[in-house]
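Accompanying notes for the structure given below.
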Amino acid sequence: MTRISRFQTYSDEKKSALKAALEGAVAASADHGTPELKEMVTYQLGWTGENAGPKAEGKQIRPFLVLLACEAGGGDWKKALPAAAAVELIHNFSLIHDDIEDDGEMRRGRLTVWKVWGEAQAINTGDAMFALANASLLQLKDNLPSEKVLQAGVLFHTTCLRLTQGQHMDIAFEKLDQVDMESYWQMVGGKTAALLAFSLEVGALCAGAPPDILANYHDFGHYLGLAFQAQDDILGIWGTEEEIGKSTTGDLVTR
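Residue 224 in my numbering sits at position 127 of the sequence shown; the count goes up by one each step and never skips.
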């Protein structure tokens, strides 16, 4: 077996487990007579609707980093699955709201949730995914001590606040003629890097890593997020819609 084929097997196992964890997490969205809400959630996740499939599901980098960090820290990556599912749900929650705020009509090669069901239902779907993410994260209680679950929860909500702060800056920048680099990196640090930093930190937390090691994972994720968003912004200006799967008229082009 080649290195590539071994990695593919390694990756497929984690993706399959993540899908199962996500399916369990989103099942509650159909409770109390709301099957259409679940349809909206699963559409955003790329499982249902037109052009559903791997491309519509996205790269799932963030939840994969949760599992890799747990394994790298000497833990059983399966114990981190509730956190990985929470990360993917919160990421998609932020994408739904971001698409509304940016008037983004395409995401991952197909219409965004608000273009299919309208802004009001899209906002509500994003809110549902936020709640589902919280519920998923709490399932860490099955494998971690209560103090670790509480620590993960504090980190999670701090991260969510950083996401909104970064998005606030991003929207505010639209009214400015010039944005300096320091402000740009501060915005990116919240909008994108915060969730990548959390992904690696919570994975290491699930492995039982000590505080100094957790800080290292957090910092690595932070700088990875800065680089990731910078590349995304470059593609947003000079890339094609086929390359990025969404309109090239948003984000930095609107500044």
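We put the CB at the ideal spot given by N, CA and C, even for glycine.
>> So if DSSP puts Leu208 in a beta bridge, which residue, or which two residues, is it bridged to?
In response: The sequence position of residue 208 within the sequence shown is 111, counting from 1. Answer by DSSP bridge pairing, in chain order: Met203.
> Is the region 212–230 in contact with the region 181–200, if contact means three or more CB pairs nearer than 8 Å?
Replying inline: yes
>> Using a 10 Å radius around the Cβ and a threshold of 16 neighbouring Cβ atoms, would you call Tyr140 buried or exposed?
In response: The residue you call residue 140 lines up with position 43 of the sequence shown. With 16 or more neighbouring CB atoms inside 10 Å of its own CB, Tyr140 falls in the buried class.
>> Please classify Ala291 as buried or exposed, where buried requires at least 16 other C-beta atoms within 10 Å of its C-beta.
In response: By one-based count along the sequence shown, residue 291 stands at place 194. Ala291 comes out buried.
>> Going by DSSP, what residue range makes up the alpha helix (DSSP H) through Pro160?
In response: Counting from one through the sequence shown, the residue named residue 160 turns up at place 63. Unbroken alpha helix (DSSP H) run through Pro160: 158–169.
> If you follow the alpha helix (DSSP H) that Trp282 is part of, which residue opens it and which one closes it?
Replying inline: Position 185 of the sequence shown, counting from 1, holds the residue named residue 282. Run containing Trp282: 278–285, per the alpha helix (DSSP H) assignment.
> Taking the Cβ atom as the reference point for each residue, do Leu178 and Leu115 lie within a distance shorter than 9 Å?
Replying inline: Position 81 of the sequence shown, counted from the first residue, corresponds to residue 178. Position 18 of the sequence shown, counted from the first residue, corresponds to residue 115. Cβ atoms of Leu178 and Leu115: closer than 9 Å.
> Mapping DSSP to helix, strand and coil, what is Gln141?
Replying inline: On the sequence shown, position 44 is the one that residue 141 refers to. Three-state DSSP puts Gln141 in a helix.
> Should Met137 go down as buried or exposed, given a rule of 16 or more other Cβ atoms within 10 Å for buried?
Replying inline: Here residue 137 refers to the residue found at position 40 when the sequence shown is read from its first residue. Classification for Met137: buried.
> Helix, strand or coil: which one does DSSP assign to Thr289?
Replying inline: Numbered from 1 along the sequence shown, position 192 holds the residue referred to as residue 289. Correct three-state label for Thr289: helix.
>> Excluding the 5 residues flanking Leu258 on each side, which residues of the same chain have their C-beta closer than 6 Å to its C-beta?
In response: Within the sequence shown, numbered from 1, the residue matching residue 258 stands at position 161. Within the same chain, Leu258 has no close Cβ partners at all.
> Helix, strand or coil: how does DSSP classify Glu136 here?
Replying inline: Position 39 of the sequence shown, counting from 1, holds the residue named residue 136. Glu136 falls in the helix class under three-state DSSP.
> When the Cβ atoms of the region 201–216 are set against those of the region 163–175, are three or more pairs found closer than 8 Å?
Replying inline: no
> Hey, quick one: how far does the alpha helix (DSSP H) through Gly333 stretch, first residue to last?
Replying inline: Locating residue 333 in the sequence shown gives position 236, where the first residue counts as 1. Unbroken alpha helix (DSSP H) run through Gly333: 308–335.
>> Please list the terminal residues of the continuous alpha helix (DSSP H) segment that includes Glu147.
In response: Residue numbering aside, residue 147 sits at position 50 when the sequence shown is read from its first letter. Glu147 -> no alpha helix (DSSP H), and no H or E assigned at all.
> Between which two residues does the alpha helix (DSSP H) carrying Gly250 extend?
Replying inline: Here residue 250 is taken as the residue at index 153 of the sequence shown, counted from 1. First-last of the alpha helix (DSSP H) with Gly250: 243–270.
> DSSP on Gln236, reduced to helix/strand/coil?
Replying inline: Along the sequence shown, read from residue 1 onward, the residue named residue 236 stands at position 139. Helix, per DSSP.
> From this set, Gln328, Gly322, Asp330, which residue's C-alpha is nearest Arg159's C-alpha?
Replying inline: The sequence position of residue 159 within the sequence shown is 62, counting from 1. When each option's Cα is compared against that of Arg159, the closest is Gly322.
> Any beta-carbon of chain D closer than 9 Å to the one on Gln328?
Replying inline: No chain D is present in this structure, which holds just one protein chain.
> Within the chosen definition, does the region 247–257 reach the region 198–214 through at least 3 CB pairs nearer than 8 Å?
Replying inline: no
> Nearest-angstrom Cα distance between Val246 and Ser233?
Replying inline: Residue numbering aside, residue 246 sits at position 149 when the sequence shown is read from its first letter. Residue numbering aside, residue 233 sits at position 136 when the sequence shown is read from its first letter. Whole-angstrom Cα-Cα distance: 11 Å.
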